[in-house]
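Data block below; observations after.
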Amino acid sequence: MSSNKTSRIGEEIWKTRVDKVNAELVTLTYGTIVAQLCQDYDSNYQDVNKQLEKMGYNIGMRLIEDFLAKSGVGRCANFRDTADMIAKVGLNSDTLKGARIVDISQVGFKIFLNVTPTVTNWTSDNAQFSLIFEENPLADFVELPDDGRAQDELWFSNILCGVLRGALEMVQMQIEAHFVSDVLRGDDTTEMRVSLVRYIEDEMPPEEE
Amino acid sequence: MAAPPRHATMLSISNGDKPAQAQPQTQQTTLPQSPGLRVPSNRKTIYDRHLNRSRNAESSRASFAFLFGEMVTYAQRRVTGIQDLEKRLNEQGYPLGLRLLDLLFYRSTSTSSSALSSSSTSSSPPNRPLRIITLLHLIHGPLWRLLFGRAADALEHSVSPDTPNEYMITDNDPLVNTYISVPREMSMLNCAAFVAGIIEGVCDGCGFETKVSAHNQPTDLWPSRTVFLVRFGDAVMEREKVLERSGVK
């Protein structure tokens with residue numbers, strides 16, 4: 001239903017409003033960041049995951065501006081969608097807020113990395129879903145270290161969890177995101193699990209880092 | 001182009017004994033498991049993907065700007081000064097250069113061989129540069145185009161007789177500096193040290209021992225104009241003379 005529309009929006013913005021660079025430059029730059037962290041943290045992959053998430057969070061907080069400006073998926077547009085959906089389907093408002101997270105996740109990743117993750121595996125209370133990454137440019141050219149631990153401990157693309165958390169926090173949604181599978185670990189899919197923690201009421205902006 | 005060799009190179013560059021330290025641990029933990037990496041059953045590994053797959057792929061400029069910004073910010077917290085920071089950025093670029101070199105050769109040969117695809121026998125070995133000028137042209141043209149979508153803006157040889165080993169590659173408006181704002185007190189800093197590291201990696205990978213540094217040389221028209229100073233080692237200059245005498249191009 002609406003996922004088709006969001007992916008069209010994403011495609012349109014990508015084509016017309018996004019400045020681009022060679023994807024390999026991004027891939028390699030990200031690779032060198034992860035490699036540096038692995039070295040700095042002495043291959044303590046839990047710490048590397050945490051640091052990547054933190055970097056992503058910093059990025060997401062600033063990225064959302066770019067996203068809102070380019071996408072026009074601002075509040076007004078979304079209220080209209082919301083109204084439409086209430087009228088037609090009679091969904092409760094929680095579902096609709098969920099739908100907005102999905103919009104931002106899908107269009108956001110499209111604008112940021114030119115990939116559109118698939119949204120799936122909703123829980124019945126609409127508080128959790130999964131993003132499946134068919135394509136993941138960050139992980140091109142990558143093979144994890146064959147040290148017997150990296151494939152069990154390192155989430156190579158963990159920066160993406162942080163990006164989503166930072167971006168959604170800026171639009172008053174506190175979420176928790178983590179990877180549950182990764183083709184780099186030998187899994188068949190790359191899947192991120194996203195849970196809504198709460199809606200943030202108007203309050204002082206969170207402290208920066 | 002995989003992570004482990006990259007990681008290994010970086011370790012070996014900075015500190016040769018680290019892998020040795022790590023080894024006893026890994027041996028213990030891997031004992032019960034079968035050796036080697038797990039791979040997905042649907043063949044989504046790097047070995048099943050064509051190396052040219054991402055050749056024309058695009059990502060957003062924002063993604064690069066943000067990632068590079070985070071990289072610099074992170075590096076900044078762990079260094080003591082500007083030189084140290086530039087050294088660190090340089091070291092992060094270096095392994096990319098080594099890999100980009102292979103990628104460049106792979107692509108330049110695969111396109112030429114596909115042009116004459118009928119005769120498989122005529123595929124020539126990759127053309128590694130033997131002379132300095134050929135190498136610098138490779139950096140100025142193909143490497144720059146791969147990374148930034150255009151050639152660099154100038155390539156010059158030092159005019160001073162004291163420094164015949166110095167060459168300069170100029171980029172009028174380096175992408176890496178576009179979204180970095182340097183505080184006034186650090187005005188000497190040029191984050192294109194990262195690119196300098198890439199160049200160094202390419203040269204070293206070709207067998208040209210080099211030191212490369214990035215310098216701010218602003219003009220009125222190009223405020224972030226950057227000159228990459230490429231200084232070849234003595235051995236390279238000696239070999240260059242020999243090659244010149246024997247007429248190698």
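Quick mapping for you: the protein sequence lines, in order, are chains G and H.
Going by my numbering, the first residue of the first sequence is number 1, and it counts up by one from there.
Going by my numbering, the first residue of the second sequence is number 1, and it counts up by one from there.
Ideal placement from N, C-alpha and C gives every residue a C-beta, glycine not left out.
Under the 8 Å criterion on CB atoms, residue 40 of chain H is classed as interfacial with respect to chain G. In the DSSP secondary-structure assignment, residue 119 of chain G is bridged to G:131.
At a cut-off of 8 Å between beta-carbon atoms, residue 36 of chain G makes contact with chain H.
Apart from the 5 residues on each side of it in sequence, residue 13 of chain G sits with its Cβ closer than 8 Å to the Cβ of 70, 71, 107, 110 and 111 in its chain, given in chain order. Within the region 58-77 of chain H, 58, 59, 60, 61, 62, 63, 64, 65, 66, 67, 68, 69, 70, 71, 73, 74 and 75 place their CB atoms closer than 9 Å to a CB of chain G, listed in sequence order.
Following the DSSP letters along the chain, one finds residue 146 of chain H inside the alpha helix (DSSP H) bounded by residues 144-148. The C-alpha of residue 54 of chain G lies about 14 Å from the C-alpha of residue 175 of chain G. Between residue 22 of chain G and residue 147 of chain H the beta-carbon gap is near 7 Å, inside 8 Å, which marks them as a contact. Cβ-Cβ separation between residue 136 of chain G and residue 115 of chain G: approximately 7 Å, consistent with a contact (criterion under 8 Å). It is roughly 35 Å from the alpha-carbon of residue 181 of chain G to the alpha-carbon of residue 143 of chain H. Put simply, the backbone Cα of residue 157 of chain G is about 26 Å away from that of residue 149 of chain H. Rounded to the nearest angstrom, the gap between the Cα atoms of residue 168 of chain G and residue 60 of chain G is 8 Å. Collapsing the DSSP output to three states places residue 178 of chain G in a strand. Looking at the DSSP output, residue 199 of chain G bridges to G:173. For residue 137 of chain G, the nearest beta carbon of chain H is closer than 8 Å to its own beta carbon. Chain G places a beta carbon closer than 8 Å to that of residue 46 of chain H, counting this residue as a contact.
Taking C-beta separations shorter than 7 Å and ignoring five residues to either side along the sequence, the partners of residue 75 of chain H in its chain run 85, 88 and 89, following chain order. If you ignore the 5 residues before and after residue 217 of chain H, its C-beta comes within less than 8 Å of the C-beta of 170, 225, 226 and 227, all in its own chain and listed in chain order.
For residue 169 of chain H, the beta-bridge partners assigned by DSSP are H:155 and H:228.
Below the 7 Å Cβ cutoff, chain G contributes 28 and 32 as neighbours of residue 96 of chain H, in chain order. Given a length threshold of 4 residues, each whole run of the alpha helix (DSSP H) inside the region 42-79 of chain H is given here in chain order: 61-76. With respect to chain H, the C-beta atom of residue 144 of chain G has a partner C-beta closer than 8 Å.
Membership of residue 214 of chain H in the beta strand (DSSP E) is indicated by the continuous run 210-216. Under the DSSP definition of a beta bridge, residue 39 of chain H lacks any partner. Taking a cut-off of 8 Å on C-beta distances, the region 93-105 of chain H touches the region 190-198 of chain H, as three or more cross pairs fall below it.
Exposed is the label assigned to residue 249 of chain H, since fewer than 16 other Cβ atoms lie within 10 Å of its Cβ. Excluding the 5 residues flanking it on each side, residue 101 of chain H has same chain C-beta neighbours closer than 6 Å at 202 and 205, in chain order. Shown here, residue 21 of chain G sits in a strand according to DSSP, grouped into three states.
For residue 139 of chain H, no alpha helix (DSSP H) run applies, since DSSP gives it neither H nor E. In this structure, the beta-carbon distance from residue 188 of chain G to residue 56 of chain H does not fall below 8 Å. In the DSSP assignment, residue 185 of chain H falls outside any alpha helix (DSSP H) and carries neither an H nor an E. Neighbours of residue 185 of chain G in chain H, taken as residues at a C-beta separation under 8 Å, are given in chain order as 38. Here residue 191 of chain G carries a strand assignment [DSSP, helix/strand/coil].
Here residue 50 of chain H is exposed, its C-beta having fewer than 16 other C-beta atoms within 10 Å.
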